[in-house]
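>
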Amino acid sequence: MNKMSFGFGGGSSTPSEGEVIKLQLQQKKPDSDTQDLAEAFSIVVNFPNECEVDAKKESTKTVSELQFEQLLSNLLKYGVIIASTVVLIGGILYLLHHGTEPADYQFFQGEPSHFRSPTGVVRAVLSGSRRGIIQLGLLLLVATPIIRVVISLFIFLRQREFTYVVITLTVLTALIYSLVGAYF
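The letter at position 86 of the sequence shown is residue 103 when you use my numbering, and the numbering goes up by one with no holes.
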């Protein structure tokens, strides 16, 4: 291996891993401030583990990250569309059957007990209840982000991102507790 000496005490020209070499180069005056700014951000940083970060390059995502983002995007988009469609169909059917009835606003009547649980809503839909169809659409709307969190949990487990696994489990626990905790 050739060692070069520059007359600065006879040291080696190859820096050790922790050593920093500072070189001062002559700078020409840029034509404009934007050119000066562009030159300031064109710095390439070398890390000890042979990684390079270039400030001019855009961050790139792996194929699996792009697929993950696309999956979650489609889940949320189609989940909301399906839930809205179910609510719309239930609302139209309800209005076709009960649209001419006068509304009685003198006394507040809450939802019947069979509409207060997911199993009751499913039973109401199977029996042909129009209000049950509306409630099913609302349940689908609530279930969409919960399914998103569950899918995120499995993907983070597969990628071994344990920090995100813990965060996602915390969010999922809070969502399930708020949904199921109302029944106990």
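For glycine and all other residues, C-beta sits at the position ideal for the given N, C-alpha and C.
This one's a predicted model, so the numbers in the text were calculated from it and none came from an experiment.
Would you tell me roughly how many angstroms separate the C-alpha atoms of Val-104 and Gly-154, rounded to the nearest one?
Val-104 and Gly-154: Cα-Cα distance of roughly 5 Å.
> Going by DSSP, what residue range makes up the alpha helix (DSSP H) through Lys-78?
Note, Lys-78: premise wrong, no alpha helix (DSSP H); not H, not E.
> Measure the C-alpha to C-alpha separation of Arg-175 and Ile-168 and round it to an integer number of angstroms.
So the alpha carbons of these two residues sit roughly 11 Å apart.
> In chain order, what residues of the same chain lie with their CB nearer than 7 Å to the CB of Arg-147, ignoring the 5 residues before and after it?
These residues qualify, in order along the chain: Gly-107, Leu-110, Tyr-111, His-114.
> For Leu-158 and Glu-118, what's the separation of their Cα atoms in angstroms?
Distance between the alpha carbons of Leu-158 and Glu-118 is about 28 Å.
> When the Cα atoms are used, what is the spatial distance from Glu-128 to Ala-141?
Going by the C-alpha atoms only, they are around 13 Å apart.
> Pull up the distance between the alpha-carbon of Arg-165 and that of Leu-143, whole angstroms please.
Between Arg-165 and Leu-143, the C-alpha separation is close to 27 Å.
> Can you have a look at Phe-171 and say buried or exposed, based on whether 16 or more other CB atoms are within 10 angstroms of its CB?
So Phe-171 ends up on the exposed side.
> Counting along the chain, where does the alpha helix (DSSP H) carrying Tyr-181 start and finish?
Tyr-181 -> alpha helix (DSSP H) spans 179–197.
> Just verifying my parser: in three-state terms, what is the DSSP assignment at Gln-176?
If DSSP states are grouped into helix, strand and coil, Gln-176 belongs with the helices.
> Are there 16 or more other CB atoms within 10 angstroms of the CB of Ile-151, so buried, or fewer, so exposed?
Buried: at least 16 other Cβ atoms inside 10 Å.
> Give a yes or no on whether the C-beta atoms belonging to Phe-132 and Gly-149 are separated by under 9 Å.
In contact: Phe-132 and Gly-149 (Cβ atoms closer than 9 Å).
> What number of angstroms, rounded off, separates the C-alpha of Arg-177 from the C-alpha of Ile-163?
Approximately 21 Å, taken between the alpha carbons.
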